[in-house]
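Novice:
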Amino acid sequence: MTTISNSYTFVTKKGYPKKQYRYRTKNLDMPCPPAGWTTPDICSIIVILISVSKFRISLQKDDKTHLWKEEAAMIRRNQSILNIINMLLDAALVFCAYLLATYIRFDIMYGIAPALQLAWNRKYFEIAAVYAVVLVVVFYAARLYGSYRFQSQGRELAVIFTVNAVGVSVLTALLYVTRFADFSRLAIFMFFALSTLFVSLKRICVRAVLRHYRKLGYNQKHVIVVGNGHFAHQYMQDVKASPHMGFTVDGYISKVQRPELGKCLGTYEELESILEKNMVDEVIVALEPHEIQFMKQVLDAADKLGARISIIPFYNDYIPAHPSIDVVGKTKLINMRATPLDNVLLRACKRCMDIAGALVLIMLTSPLMLAAAVGVRLSSPGPVLFRQERVGKDKKPFRMYKFRSMRVTGTEDTGWSTDNDPRKTKFGSFIRKYSIDELPQFFNVLKGDMSLIGPRPEIPFHVNHFKEEIPLYLVRQQVRPGITGWAQVHGLRGDTSIEKRVQYDIWYIENWSLWLDIKILFMTVFGGMKNSENIS
1158 MTTISNSYTF VTKKGYPKKQ YRYRTKNLDM PCPPAGWTTP DICSIIVILI SVSKFRISLQ
1218 KDDKTHLWKE EAAMIRRNQS ILNIINMLLD AALVFCAYLL ATYIRFDIMY GIAPALQLAW
1278 NRKYFEIAAV YAVVLVVVFY AARLYGSYRF QSQGRELAVI FTVNAVGVSV LTALLYVTRF
1338 ADFSRLAIFM FFALSTLFVS LKRICVRAVL RHYRKLGYNQ KHVIVVGNGH FAHQYMQDVK
1398 ASPHMGFTVD GYISKVQRPE LGKCLGTYEE LESILEKNMV DEVIVALEPH EIQFMKQVLD
1458 AADKLGARIS IIPFYNDYIP AHPSIDVVGK TKLINMRATP LDNVLLRACK RCMDIAGALV
1518 LIMLTSPLML AAAVGVRLSS PGPVLFRQER VGKDKKPFRM YKFRSMRVTG TEDTGWSTDN
1578 DPRKTKFGSF IRKYSIDELP QFFNVLKGDM SLIGPRPEIP FHVNHFKEEI PLYLVRQQVR
1638 PGITGWAQVH GLRGDTSIEK RVQYDIWYIE NWSLWLDIKI LFMTVFGGMK NSENIS
């Protein structure tokens, strides 16, 4: 009978912790050893074999956790490397835009001698290099370098356009102030257009490649859902409908199984062991109101294993697209009506675009407005302009201008006109059909009553009526009303569903960006100006 105590230290491969095992064999019955072998030698070998076997079992148990952590770390490392490559590519593309702009301006267009062109390039070479670096730094500050899974492409392109426009404007001003010779405004403009185009196209291509790559099943983030209610099911359906985002739902955790949700991995109490056994990148918590007592337990288990946590609150339907959180002491307040235009800088950018756009459009359309004024005067007696009280931002009334399209009557107009309205003149129907009657509203924009883009203003009668019948109707009054809007370019004009118009208006307010405004302007010019008005 032999009792042996041995201690062994096993050093795993790089990245795994060192583990020390101490095993004690007590009252071990040993057969007679072969000649030349002592009893302690045989027992030591057996202990080693047992230890190695137990160590392998331990490794198999922890393998998935280690692999998950290594894969998560690898994704973070790869993301950092990709961000650096992305930044270098942007800087290179901006500099290439400078070279191409100078080549087009001085060689192709005017055929200036190579020596003079070289001198010009040499003079501005350093300026272009510094500008490229500064632009990338501003892009970084605007959070353009990160994961593409949640970032809106519209916002990304709008930031690129805005930052580059401001940067080129500042650069042009500096060149004027410092009195640089051989200054070419055309080259600067081409540089702005080309750099914006190159950087935007690169990002569109990167997104397209990532979308295709993720649809094939690569670059996936594995998530599990905690809960089995309405929002848990909705999240799973949304993930399934958006394979380009690169999320895979491995299963759900709940006390009650629902076969239609897929694989149930266990209960809330088993979350910690489930996370240890599975490679999970993120835990989506979608508990129902009656299950809120499990929240702390779920969060503690996920935090313990370092899994990322996202929560879908049971009041999800009431949260806007871009909520903000205010803090009062230890209390967190969710601002339910926070919008992008609450930001002073963004509001100033929109106002600057309104003023500049209105001035340009007044100059471009002044001949058309003059012709319309003459047509209105000849079509029927009365004033050229029709002034009507409308409700603007913060429910403040203002006088909106239009070219008069109806005969003057003594009654107050509180409804929308129809195709067969006897008050309309033939010329009035024509200018209404092509939205020419709206052109005087450019002056409302200059006054600050309106914006180029926004929800259409309504008369006080309609506002007082609809605010009682349509939920969220007065949310429209948080921004300046517009000459055209997201609802109008989707065909919701005049006597159409007010409920749908409100839905489109609120979506615009919650998702506003300069890029969205530019998109609506183009949609208005190329198809959104023509109405279904009958010219009789």
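1175 is the number that my numbering gives to position 18 of the sequence shown; each next residue is one higher, with no gaps.
Note that CB positions come from ideal geometry on N, CA and C, so glycine has one too.
For clarity, every value in this text was computed on a predicted model and none was experimentally measured.
(1) Is the CB-CB distance between phenylalanine 1555 and aspartate 1606 below 8 Å?
(2) Keeping to the same chain, check which residues put their C-beta closer than 7 Å to that of leucine 1314; ignore five residues upstream and five downstream.
(3) Check glutamate 1417 in the structure and name its three-state DSSP category.
(4) So does the stretch 1587-1603 actually touch the stretch 1467-1482, counting three or more Cβ pairs closer than 8 Å?
(5) In this structure, how does DSSP classify histidine 1479 when only helix, strand and coil are distinguished?
(6) Quick one: residues in its chain with C-beta nearer than 7 Å to the C-beta of arginine 1504, no 5 flanking neighbours on either side, listed in chain order?
(7) Pick helix, strand or coil for glutamate 1445, following the three-state DSSP scheme.
(8) Counting beta carbon pairs with one atom in the stretch 1632-1652 and one in the stretch 1452-1465, are three or more of them shorter than 8 Å?
(9) Do serine 1670 and arginine 1637 have their C-beta atoms closer together than 8 Å?
(10) For isoleucine 1345, which option in Gly1374, Ile1482, Ile1261 has the closest C-alpha, if you only look at C-alpha atoms?
(11) For a minimum of 4 consecutive residues, which ranges assigned as the alpha helix (DSSP H) are wholly contained in the stretch 1603-1646?
(12) From which residue to which residue does the beta strand (DSSP E) around alanine 1471 run?
(13) Quickly, what does DSSP pair valine 1380 with across the bridge? List them, please.
(14) Whose C-beta lies closer than 7 Å to the C-beta of aspartate 1483 among residues of the same chain, with five residues either side of it excluded?
(15) Please report the straight-line C-alpha distance between glutamine 1446 and asparagine 1473, rounded to a whole angstrom.
(16) When the Cα atoms are used, what is the spatial distance from tyrosine 1661 to valine 1682?
(17) Report yes if the C-beta distance between leucine 1521 and isoleucine 1610 is below 8 Å; otherwise report no.
(18) Per DSSP, which residues does isoleucine 1491 bridge with? Please list them.
(19) What do you get for glutamine 1394, buried or exposed, if any count of 16 or more other CB atoms within 10 angstroms of its CB means buried?
(20) Take the Cβ of arginine 1544 as the centre, count every other Cβ of all protein chains shown within 10 Å, and call the residue buried at 16 or more, exposed below.
(21) Just grab the DSSP bridge partners of valine 1548 for me.
(22) Taking just the CA atoms, how far does asparagine 1435 sit from phenylalanine 1212?
(23) Looking only at C-alpha atoms, which of Ile1666, Lys1552, Arg1589, Lys1553 sits nearest to glycine 1532?
Specialist: Per the coordinate set shown:
(1) Locating residue 1555 in the sequence shown gives position 398, where the first residue counts as 1. Locating residue 1606 in the sequence shown gives position 449, where the first residue counts as 1. Result yes, Cβ atoms of phenylalanine 1555 and aspartate 1606 sit closer than 8 Å.
(2) Looking up residue 1314 in the sequence shown gives position 157. Same-chain partners within the cutoff: Ser1357, Trp1672.
(3) On the sequence shown, position 260 is the one that residue 1417 refers to. In the structure shown, the three-state DSSP call for glutamate 1417 is helix.
(4) no
(5) For the purposes of this step, residue 1479 is taken as the residue at position 322 of the sequence shown. Histidine 1479 falls in the coil class under three-state DSSP.
(6) Taking the first residue of the sequence shown as position 1, residue 1504 is located at position 347. Excluding residues within five positions, the ones whose Cβ falls inside 7 Å are Leu1498.
(7) The count along the sequence shown starts at 1 and reaches residue 1445 at position 288. Three-state result, glutamate 1445: coil.
(8) no
(9) Residue 1670 sits at position 513 when you count from the first residue of the sequence shown. Residue 1637 sits at position 480 when you count from the first residue of the sequence shown. For serine 1670 and arginine 1637, no; Cβs fall outside 8 Å.
(10) Taking the first residue of the sequence shown as position 1, residue 1345 is located at position 188. The option with the nearest alpha carbon to isoleucine 1345 is Ile1261.
(11) 1617-1626
(12) Counted from its first residue, the sequence shown places residue 1471 at position 314. The question names alanine, but residue 1471 is phenylalanine in the sequence shown. No beta strand (DSSP E) contains phenylalanine 1471, which DSSP labels as neither H nor E.
(13) Sequence index remark: in the sequence shown, residue 1380 carries index 223 (1-based). Its beta-bridge partners are Val1406, Glu1439.
(14) Locating residue 1483 in the sequence shown gives position 326, where the first residue counts as 1. The residues are Leu1490, Asn1492.
(15) Along the sequence shown, read from residue 1 onward, the residue named residue 1446 stands at position 289. Along the sequence shown, read from residue 1 onward, the residue named residue 1473 stands at position 316. For the record, residue 1446 in the displayed sequence is proline; it is not glutamine. Their Cα atoms are separated by approximately 12 Å.
(16) As a first step, residue 1661 must be located in the sequence shown, where it is residue number 504. As a first step, residue 1682 must be located in the sequence shown, where it is residue number 525. Computed Cα separation, rounded: 19 Å.
(17) Translated into positions along the sequence shown, residue 1521 becomes position 364. Translated into positions along the sequence shown, residue 1610 becomes position 453. Contact: no.
(18) Walking along the sequence shown from the start, residue 1491 turns up at place 334. Its beta-bridge partners are Ile1482.
(19) Looking up residue 1394 in the sequence shown gives position 237. The residue is exposed, with fewer than 16 neighbouring Cβ atoms inside 10 Å.
(20) Here the question's residue 1544 lines up with position 387 in the sequence shown. Residue environment: arginine 1544 is assigned as exposed (fewer than 16 neighbouring CB atoms within 10 Å of its CB, all protein chains considered).
(21) The residue given as residue 1548 occupies position 391 in the sequence shown. In the DSSP assignment, the residues bridged to valine 1548 are Pro1554.
(22) Along the sequence shown, one-based indexing puts residue 1212 at 55. Along the sequence shown, one-based indexing puts residue 1435 at 278. Summary for phenylalanine 1212: the model assigns pLDDT 46, below 50, so the residue's position carries little reliability; its value from the coordinates is reported in the next sentence. One Cα belongs to phenylalanine 1212, the other to asparagine 1435, and the distance between them is close to 20 Å.
(23) Within the sequence shown, residue 1532 is the residue found at index 375, counting from 1. Check the Cα spacing between glycine 1532 and each of Ile1666, Lys1552, Arg1589, Lys1553: the tightest is with Arg1589.
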